[in-house]
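Novice:
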Amino acid sequence: MGSDGSPDCEETIERLYIYLDGELTEERRVAIQAHLDDCSPCLDAYDFEAELRRVIAMKCRDHVPESLLARVRRALEDEERRAGSGA
Ligand SMILES: [Zn+2]
148 MGSDGSPDCE
158 ETIERLYIYL
168 DGELTEERRV
178 AIQAHLDDCS
188 PCLDAYDFEA
198 ELRRVIAMKC
208 RDHVPESLLA
218 RVRRALEDEE
228 RRAGSGA
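Residues in the sequence shown are numbered consecutively from 148, following my numbering.
(1) Counting C-beta neighbours from all protein chains within 10 Å, is the total for L223 16 or more, i.e. buried, or is it exposed?
(2) If you draw a straight line from the alpha carbon of R229 to that of R208, how long is it in whole angstroms?
(3) Apply the 10 Å Cβ neighbour rule to P212 and answer buried if 16 or more other Cβ atoms are within range, or exposed otherwise.
(4) Since D194 is in the alpha helix (DSSP H), which residue starts that stretch and which ends it?
(5) Is Y164 buried or exposed, if buried means 16 or more other CB atoms sit within 10 Å of its CB?
And the structure:
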């Protein structure tokens, strides 16, 4: 956590979901955006989460093949493993 009150990585990841839902206050949204601009691991997580949401949205509209879901699930597990072991 920076002394200027900007969110750290943990907070950023925690708020990604809310950020993607567009339910953060303007102030927090800007703070998260600033962190994403500075921090490529968090930006990667953001990209991944955004992509995942696109897939889920597609799934609601359409039928997504099980093979694609399995791939997404595997990618998610990899991501979690990387997040857990790194830093
Ligand atoms: Zn970060």
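From the three backbone atoms N, C-alpha and C, an ideal C-beta is built for every residue, glycine too.
Specialist: Here's the rundown:
(1) By 1-based counting over the sequence shown, the position of residue 223 is 76. Exposed: under 16 other Cβ atoms inside 10 Å.
(2) Working through the sequence shown from its first residue, we reach residue 229 at position 82. Working through the sequence shown from its first residue, we reach residue 208 at position 61. When rounded, the distance between both Cα atoms is 31 angstroms.
(3) One-based indexing of the sequence shown puts residue 212 at position 65. Exposed, by the Cβ-count rule.
(4) As a first step, residue 194 is located in the sequence shown; it is residue number 47 there, counting from the start. That run of the alpha helix (DSSP H) goes 187-208.
(5) To locate residue 164, count along the sequence shown from 1; it is residue 17. So Y164 counts as exposed.
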